[in-house]
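Worksheet for the structure shown next.
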Amino acid sequence: MKRALGIIGIFLAIVVFSVFFAENFTTGINLMQVTNRTALYAVLALGAALVIVTGGIDLSIGSVVCLAGIMTPWLLIEHEWTPWQVIPTVLALSAFIGLCHGLLITRLRLQPFLVTLCGLLLYRGIARWMTGDQSQGFMGEYGEVRAIALAKFPIPGLEDYRLPATVIPALVLAVVIGLFLSRTVWGRWLLATGRNEAAARYSGVPTAWLVTGAYVACSLLAGFGGMLFIFDIGSAQPSDFGNFYELYAIAAAVLGGCSLRGGEASIVGVLFGVATLRVLQNTITLAGYSSQIEFAVVGGVLLLGVAADELIRRYAASRLERAGAAART
Amino acid sequence: MQAERPVLLRVCGVGRRYAGVTALAGIDADVRGSEVLAIVGENGAGKSTLLKILSGVVQPSEGALLVADAAGALEEVELDGVRGATKAGIALVHQELNLAENLDVAGSIFLGREPSRFGLLDRRRMRDDARKWLARVGLDIDPGTLCGTLPIAQRQLVEIAKALSTESRVLILDEPTSSLTARETERLLAIMDELRRAGVAVVFVSHHLDEVMHIADRVIVLRDGRKTGELARGEYERATIERLMVGRDIARGARREAGSDAAVRLECVGLTTAHRRKAPVSFRVRAGEIVGLAGLVGAGRTEVLEAIAGVTEHGGSVRLDGRKVTGGAPERVRGGIAVVPEDRARHGLFLEDSVATNMSLAWIDRTSRGRLVDRRGESGLVSRMVARMQLRPPQPSRRVQTLSGGNQQKAVIGRWLAVEPAVLLLDEPTRGVDVGARAEIHAEVRRLAEAGSAVLFASSELEEVLLLADRILVMHEGAIAGELAAHEATEVAIMHLATGGAAHAHETGTHA
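These protein sequence lines are chains A and B, in that order. When you number the first sequence by my numbering, it's gap-free, plus one each residue, and the end is 338. When you number the second sequence by my numbering, it's gap-free, plus one each residue, and the end is 513.
Dropping the structure here:
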């Protein structure tokens, strides 16, 4: 929780800025949209956080989002599968992708960066080839399935704000993963593996399986997120759907206090990290800045965030060292 | 005699406080040319702080340092950083060797002050000069050799050559022999002696009292940040120094002979490792037995332990309570083989985590309900282990990073106390650990053995092998060169086998 305080502060500052300087920021429809987007990206960022905890990285998230998202309407409309066939198939495929990443990383000892970079190219290529690079959509059908992402629940007392349904899976996942990391044996093991893989192995922790599991979870969440995204937007182009999503997910996780060195995570922080990026993006659009500058702003904020984090860490470490030297002597 | 030796550095009432806590107080000492001065004390006694002050790494918060000028007159100086100390003729050789492994020897020696001509690196002069300094420390290697390829002992000498090359008159060595074999240590001591003859003042810290008594002209003993004694050669004996260091007499553990009827818990048959394919190793360790692996560095002790633990692949078989074990380290550790690795920072500890997290990881799944961590049970068990290992300070929430070496090692060993493993493997169980903590660690290892564990440890310190082991296996070039029972073992007998001295001993090398 302490680790999340910094990002909560940044989030509040940006919200205050948006309230004053971005017209229409506080309208119900806009807040609904921001919440919805935050929830969708949160699903991806939670997966990214699990991998980052192990000291690894997953660059293929965006491409898995694309493959899973594109396959869903493609199987439903073009191949006339039923939703009961499509959803398990797509999720199983996503998990299988993660399993391949995990095994390549733990058994063949390839670097996570390389394995998932290849994945990034591979799955997008497959998605484009499979669909003939044609846009895929639900053609106005399957409304009841798309309601998973599109439903809005009225909140008593609020007139023009209704809670997007995507918040439910995002929050459930956040709670489950948060409890997993803090309260379960496997969570402890996963954090220990990220801190010092060798020491964890010497303590009897099955590190290879835990790391593999983290990649499976990450790809599974990316696939699930991809489905939610396509349910939400209705149709998408295989050539650009999910582009850069892995970087948003990683950026949110890092902003939220996950160290790329591994072993550190704050699920609350990740949620606020995602929210910060979404509010920023929203404000840039609303305040009338050209949307092309969005990447630059996000990059700048991320850089400021991690630099501040490092400075605080160093200050804490030097205090610790002084205290430690005093204790030793 | 002493009057002839000029005082090069005088320490007057020096003290240092960190965040209000006194680390060092009221230290007076003279460092004289042509003299070897040893500083001894338990970990945490203030030795490192004193060395850091002498070498300008930290500033004293009280007292003053006086350095002799060319005429020999003492003048108060403020050493601001290592550069200031270098200018004053003081050089420090760190405990952790910090040569850049990708530089060659000459480059390392002149790192940061490379000779240049017209702004270009003058390689030839650098190499010639390097050769000169290497000769001073008796090292006959090509200055173009990469440091990373040198054995530790030679790197140590390169570091000393580097320190000398700054024209320093006071050479400070922080635990210079902690990673050297007996023979390398002897060589280093000889070099220290030569430097002494050449007028250099050598200050060194060591945990090995044998070395100290062998070479030092004077010994300063520290305890809890204060000087508890300063003894000149001839005035001291081992027991005196030990008592001054710990403030009490150190009890030696009673040696036992294991009963031959105890169950065999660990059995290695024809064990071969990737490095040592040609030398299969076979032996047994019984319940309640402590077996020591002795031998020179490179004899294959660590390889044997790593093979048993499943860290590296091996040929032959390892049996635990009669069952053959397979798989990698996690499976074997869960199966009952506990490991205390040689390099605790890299392989043993989660430095940024608390003592509690470090200790509980090995058994957290056994005390959990379902897969949920039982936090109350965890903290209770950790507190008991912290108390049993006599961790100082006894705070389970403390970051392991901030503990002294001895207490870090206690945390690693304490991890296994709650498990009561079938087999406990320890590689250098007390490296960089002070005398008091060492005795406590040995006592705990013995208690584990008495509870029925089979203990196998490797140590490059003969003293430790003789102190802890019930039975000693001496390794030479990957094979077991001989076996000694504790009562018949002497340092001479072990060294004889370890250096390949006894041909007839080889016959016992492969017995089961």
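Yeah, the Cβ is synthetic: ideal placement off N, Cα and C, and Gly gets one too. These numbers were taken from a predicted model, which means no experiment stands behind them.
Rounded to the nearest angstrom, the gap between the Cα atoms of A:T35 and A:S244 is 28 Å. Interface with chain A (8 Å Cβ-Cβ cutoff): B:D354 is included. Distances from the alpha-carbon of B:G437 to those of B:R244, B:G271, B:G57 put B:R244 closest. Residue environment: A:N205 is assigned as buried (16 or more neighbouring CB atoms within 10 Å of its CB, all protein chains considered). B:N103 sits exposed, since fewer than 16 C-beta atoms from the chains shown fall within 10 Å of its C-beta. Any Cβ of chain B closer than 8 Å to the Cβ of A:V214 would place that residue at the interface, and such an atom is present.
Fewer than three beta-carbon pairs drawn from the stretch 401 to 409 of chain B and the stretch 373 to 389 of chain B are found closer than 8 Å, and the two stretches are therefore not classed as touching. With the rule of 3 Cβ pairs closer than 8 Å, the stretch 127 to 142 of chain B does not count as touching the stretch 76 to 96 of chain B.
Contact with chain A is absent for B:S56, since none of that chain's Cβ atoms lies less than 8 Å from the residue's Cβ.
Within chain B, the residues placing a beta-carbon under 9 Å from that of A:T193 are S369, G371, R372, L373, V374, ordered along the chain. Under the three-state reduction of DSSP, B:A46 is assigned to coil, being neither helix nor strand. Counting C-beta pairs closer than 8 Å gives three or more between the stretch 454 to 466 of chain B and the stretch 407 to 426 of chain B, which meets the contact rule. Listed along chain A is no residue with a C-beta nearer than 8 Å to that of B:H443; the closest approach is about 21 Å. Nearest CB-CB separation between A:A207 and chain B: below the 8 Å threshold.
Out of B:V475, B:H488, B:A486, B:L485, the CA that lies nearest to the CA of B:A499 is found in B:V475.
DSSP places B:G73 outside both helix and strand once states are collapsed to three, so it counts as coil. For A:F281, the enclosing alpha helix (DSSP H) starts and ends at 276 to 295.
Within chain B, the residues A310, V312, A330, V334, V340, P342, H348, G349 have their CB atoms less than 8 Å from the CB of A:Y211, given in chain order.
Excluding residues up to 5 positions away in sequence, G265, G266, S275, V277, G278, F281 lie with their Cβ nearer than 7 Å to the Cβ of A:A13 in the same chain. Leaving aside the five residues that flank B:V305 on each side, the residues in its chain whose CB is nearer than 7 Å to its CB run, in chain order, L272, V282, L294.
DSSP, read as helix, strand or coil, puts A:G78 in helix. Taking 8 Å as the CB threshold, A:R322 stays off the interface with chain B.
Sequence-distant Cβ neighbours of B:A300 in its own chain, meaning closer than 8 Å and more than five residues away, are M476, H477, E478, G479, A499. In this structure, A:I79 lies away from A:S228, with their beta-carbon atoms at least 8 Å apart.
Contact between A:Y50 and A:A326 does not hold, since the beta-carbon distance rounds to 32 Å and is not under 8 Å. In the DSSP annotation of this structure, the continuous segment of the beta strand (DSSP E) that includes B:C13 starts and ends at 8 to 19. Under the three-state reduction of DSSP output, A:P97 falls in the helix class. Contact between A:F240 and A:A158 holds, with the beta-carbon distance rounding to 4 Å and staying under 8 Å.
The C-beta distance from B:G90 to B:E168 rounds to 7 Å, short enough to fall under 8 Å.
The residue from B:W417, B:R33, B:V341 with its alpha-carbon nearest to that of B:L449 is B:W417. A:I114 sits in a helix when the DSSP states are folded into three classes. For B:I142, no Cβ of chain A is located within less than 8 Å of the residue's own Cβ.
Any Cβ of chain A closer than 8 Å to the Cβ of B:D322 would place that residue at the interface, and such an atom is absent.
8 Å or more divides the Cβ of B:R285 from the Cβ of B:D322. B:V319 is bridged by DSSP to B:C269. In the three-state scheme derived from DSSP, where H, G and I count as helix and E and B as strand, B:V286 is classed as strand.
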